[in-house]
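Heads up, the thing below is written out as structure tokens.
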Amino acid sequence: MSDEIKRGLQSPLRRKLLMGMAALPAISMLSRPSFGAGPATSAVNTTGLAVTDTEVTCGILHSATGTMAISETGSIQAEKLAIEQINAMGGILGRKIKFIQEDGASDWPTFAEKAKKLLVNDKVAAIMGCWTSASRKAVLPVMEQYNGMLYYPTFYEGLEQSKNVIYTGQEATQQILAGLNWIAKEKGAKSFFFIGSDYIWPRTSNKIARKHVENVLKGKVVGEEYYALGSTQFNSVINKIKLTKPDVIFTDVVGGSNVAFYKQLKAAGIDLSKQALLTISVTEDEIDGIGGENIAGAYACMKYFQSLDNPNNKAFVPAFKKQWGEKTVIGDVTQAAYLGPWLWKLTVEKAGSFDIDKVAAASPGIEFKGAPEGYVRIHENHHLWSKTRVGRAKLDGQFELIYETADLVEPDPFPKGYQ
Amino acid sequence: MTNARFATRSELIGILVLAVFLVVILPLCLDVFRLNLVAKYLTYAFVALGLVICWGYGGILSLGQGVFFGLGGYCMAMFLKLEASSVENTKIQSTPGIPDFMDWNQITALPMFWKPFHSLTLTIIAVILVPGIFALIIGAAMFKRRVGGTYFAIITQAVAAILTILIVGQQGYTGGINGMTDLRTLKGWDIRPDHAKIVLYFFEVACLFGCIFIAQFIRHSKLGRILVAMRDKEDRVRFSGYSVANFKIFAFCVAAVFAAIGGAMFALNVGFMSPSFVGIVPSIEMVIYTAVGGRLSILGAVYGTLLVNFAKTSLSESFPELWLFGLGGLFIAVVLAFPNGLAGIWQDHVQPRIDRLLSSRKPKPAAGWTDNSVADGAPAE
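Those sequence lines, one after another, are chains F and G. Each residue of the first sequence is one higher than the one before, starting from 246 at the first, in our numbering. Each residue of the second sequence is one higher than the one before, starting from 113 at the first, in our numbering.
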């Protein structure tokens with residue numbers, strides 16, 4: 246128990262002291278639940294995982310250093326917040342969640358090494374982690390070999406499904422198709438220009454988008470260009486955009502390249518309030534770097550925006566800011582990372598066991614009503630049913646919700662007719 | 113000094129100690145997971161060993177050894193990937209029987225240059241020859257034109273950057289930034305379970321000692337002495353009638369082949385290969401291993417690699433957010449305080465004491481196991 250109080254105090258200590266009295270109820274709330282009242286360990290853990298009468302250990306595996314740290318920090322924070330909240334409610338099956346954090350260091354083999362360490366040495370019951378597709382691809386064989394459970398938060402290209410992974414972000418068709426339908430209808434768009442970073446996610450996403458534009462929307466793709474990760478020179482493609490005058494610029498440029506891309510678009514005189522631009526890669530986190538004035542007017546298509554107006558999100562955003570600072574922003578992936586520990590808790594409680602096989606089998610059908618994005622449910626293919634939303638970027642770096650699908654969109658990692 | 117000696121007595125003792133350490137002590141003390149980590153570290157020791165020959169003795173600083181590590185690794189990974197992509201394993205794809213990343217990139221037939229990698233023999237030949245010939249071409253192009261020193265280092269960096277861009281850009285043929293993942297079997301033998309890891313570890317250690325012996329042999333041969341002479345006074349060697357360029361090319365090729373063997377071992381032990389081992393940053397890291405171990409010491413390179421990687425793993429496990437500072441501090445401390453690395457510390461502080469202890473019993477002191485003994489035949493500058 247003292248351990249727990251220490252963690253409650255540790256990192257947010259300074260902030261909590263600054264906030265003075267306001268913080269005291271939070272700390273006392275943390276220390277209230279007593280652990281150890283759950284079912285016997287022998288019954289809930291038959292495979293030798295790190296589960297005791299009072300504790301269960303999970304791993305957090307993200308890049309805390311290296312180029313990806315800026316993106317993954319939000320996920321780490323969200324997962325820690327979720328774990329803290331679950332512990333404050335009494336943990337999982339009467340056991341407090343203890344986490345072991347490892348640094349993937351933006352390096353894919355390191356991710357694999359650390360995943361193996363978490364599974365083999367620490368015997369963690371689940372891992373919240375990975376961000377890029379490359380890190381997931383590196384970790385996946387390890388998860389399957391040692392039978393672990395990974396909660397993966399990023400929207401990604403699909404073409405994958407594993408017993409040992411729960412994908413809490415959207416796969417490509419879920420994210421893209423509704424957005425394209427909307428912009429085709431709303432703007433009467435017929436011609437599209439694709440720009441992406443050069444790796445598997447943008448290429449697969451654009452492949453799906455192209456098939457949808459050509460076969461379903463009966464439109465035309467007038468250009469498709471890729472730039473190396475980290476690239477900062479977009480002038481030639483901007484010239485091509487000016488020549489081809491597409492109805493919609495569709496982008497999946499990632500990371501720091503975005504800053505250069507949107508600044509150069511603006512400098513070239515392309516006004517995003519007149520030229521429609523639909524991005525699937527810019528969240529509130531990226532706008533922090535791009536600057537709201539450079540991207541205002543652009544449309545983003547994903548499942549979550551910080552500005553969502555629902556009771557869950559109204560509780561989640563202040564809790565997150567209270568823990569990690571007023572200035573932090575919450576992007577789509579951060580929210581998806583927050584779902585990981587909760588879905589795990591719900592699944593373990595349904596399965597009545599921490600055993601990986603039972604958790605994997607119990608996952609389909611799990612519903613989480615408290616998600617900041619609204620109600621979500623796990624599909625048989627281990628992806629989430631979720632809504633797709635379109636937001637318009639504002640000057641202050643937030644998105645204004647323009648459109649959301651009426652129903653949850655079914656995840657389809659191996660889309661027929663799109664491969 | 114006309115006869116090429118293979119090793120001095122104290123060098124033999126050093127090799128023996130290392131052998132006992134790697135073959136007996138580590139496997140007894142570590143569980144399979146940690147042993148597999150050591151196997152991963154040792155793959156870099158091959159590169160460090162090559163750098164001792166090429167940089168320490170030959171004076172050619174290459175900041176692009178990742179290129180050769182990568183070429184060797186990719187050759188091996190291509191073989192393993194093809195084996196893992198059998199038709200029944202890849203039924204789910206639109207074109208079964210080709211690696212998954214090709215399928216994702218709409219490639220429908222195996223490219224020509226992949227075909228030789230169906231054969232293990234050809235793969236092993238490729239692991240040695242592809243990087244060797246590549247190094248020969250770079251070396252010939254540079255050294256024949258007397259490009260050396262900093263310019264050479266910069267060009268090797270450029271090559272590393274170019275190869276990374278090539279691999280990332282041609283993702284349909286190379287797996288792109290994800291690399292080649294999920295390697296499973298070698299000739300039907302599963303390389304993933306624990307017992308396979310142990311076998312692979314010992315196989316790797318055996319190969320490492322093979323390379324150590326070759327390095328020892330080069331060092332004690334006339335060739336090694338010319339390399340040292342060339343490093344210290346290139347013009348004199350040239351005026352004596354030696355073709356300096358050919359010797360440099362040779363040293364560079366040896367370093368490249370060592371690095372490639374390390375890369376192939378990496379693919380086997382870790383079970384995947386990605387462009388993150390090819391670029392500039394990993395190449396510089398490999399130079400750091402050699403610098404920490406002592407660039408003049410063959411065995412020091414192995415210890416240096418083990419120490420740096422061990423520090424990397426344990427620091428990052430204990431301090432996920434701060435470990436890079438600790439590692440950086442370690443490098444700065446070593447370079448500032450001990451410019452000759454671990455081997456230098458041994459030479460200056462430990463060896464004299466051992467000598468004193470021994471000489472109190474025996475009349476004849478043993479020579480040091482680091483390089484300075486080589487200098488006794490070379491021109492002193």
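Backbone N, C-alpha and C define an ideal beta-carbon position, used for all residues, glycine too. A quick note: this is a predicted structure, and the numbers were derived from the prediction, not measured.
Using a Cβ-Cβ cut-off of 8 Å, Pro211 of chain G is close to nothing in chain F; its nearest Cβ partner there is about 12 Å away.
Under the three-state reduction of DSSP output, Trp376 of chain F falls in the coil class, being neither helix nor strand. Here Ser351 of chain F carries a coil assignment [DSSP, helix/strand/coil]. Among the residues facing chain F, Leu436 of chain G is included, as its CB has a counterpart in that chain under 7 Å away.
Against chain G, the CB of Ala379 of chain F has a partner CB under 7 Å away; the residue lies at that interface. For Ser409 of chain G, none of the residues of chain F pass the 9 Å Cβ criterion, the least Cβ distance being about 27 Å. For Glu625 of chain F, the three-state secondary structure derived from DSSP is coil.
A Cβ of chain F is located within less than 7 Å of the beta carbon of Thr293 of chain G. Short of 6 Å from the beta carbon of Thr592 of chain F, and not among the five residues preceding or following it, lie these beta carbons of its own chain, in chain order: Val604, Ala607, Ser608 and Ile611. Non-local beta-carbon contacts of Thr528 of chain F in its own chain, meaning distances under 6 Å to residues more than five positions away in sequence, involve Gly576 and Asp577 in chain order.
When the beta-carbon positions are compared, Cys375 of chain F and Tyr391 of chain F stay at least 7 Å from each other.
Remark: fewer than three beta-carbon pairs, one from each stretch, lie closer than 8 Å, so the segment 413-428 of chain G and the segment 173-191 of chain G are not flagged as touching. With three or more CB-CB distances shorter than 8 Å, the segment 416-429 of chain F counts as touching the segment 513-526 of chain F.
Each of G:Ile410, G:Val390, G:Val317 and G:Pro211 was checked against the Cα of Ala455 of chain G, and the nearest Cα belongs to G:Ile410. The alpha-carbon of Val504 of chain F is positioned some 6 Å away from that of Gly534 of chain F. Straight-line measurement puts the Cα of Glu571 of chain F at about 34 Å from the Cα of Ile428 of chain F.
Using a CB distance cut-off of 7 Å, Trp216 of chain G counts as an interface residue toward chain F. Within chain G, no residue has its beta carbon less than 9 Å from that of Ala295 of chain F; the closest one is some 15 Å off. Under the three-state reduction of DSSP output, Val414 of chain G falls in the helix class. If you draw a straight line from the Cα of Gln580 of chain F to the Cα of Glu347 of chain F, it comes to about 20 Å.
Between Ser428 of chain G and chain F, the shortest Cβ-Cβ separation is below 7 Å. A Cβ-Cβ distance of about 6 Å is found for the pair Ile165 of chain G and Ala367 of chain G, placing them in contact under the 8 Å criterion.
In its chain, beyond the 5 residues on either side, Gly209, Ile210, Pro211 and Asp212 have a beta carbon closer than 8 Å to the beta carbon of Ser197 of chain G. By alpha-carbon distance to Lys432 of chain F, the top candidate from F:Lys487, F:Lys519, F:Asp497 and F:Val467 is F:Lys519. Sequence-distant partners of Leu134 of chain G (beyond 5 residues in either direction) whose C-beta falls short of 6 Å from its own C-beta, in its chain, are Val317.
Per DSSP, the beta bridge partners of Gln346 of chain F are F:Ile305. The continuous alpha helix (DSSP H) containing Val482 of chain F extends over residues Asn480 to Thr489.
For Arg146 of chain G, the closest of F:Val635, F:Thr489 and F:Lys359 by C-alpha to C-alpha distance is F:Lys359. In this structure, the CA atom of Asn332 of chain F is about 27 Å from the CA atom of Val384 of chain F. Look at Met398 of chain G here: in three-state DSSP terms it is helix. The beta carbon of Thr292 of chain F sits closer than 6 Å to the beta carbons of Asp600 from its chain, once the five residues preceding and following it are set aside; these are given in chain order. Straight-line measurement puts the Cα of Asp352 of chain F at about 10 Å from the Cα of Thr310 of chain F.
Ser316 of chain F and Met398 of chain G have their alpha carbons spaced roughly 28 Å apart.
For Leu138 of chain G and Val349 of chain G, the gap between their C-alpha atoms comes out near 44 Å.
Under the three-state reduction of DSSP, Lys567 of chain F is assigned to helix. Closer than 7 Å at the C-beta level to chain F, one finds these residues of the segment 289-317 of chain G: Ile289, Asn290, Gly291, Thr293, Asp294 and Arg304.
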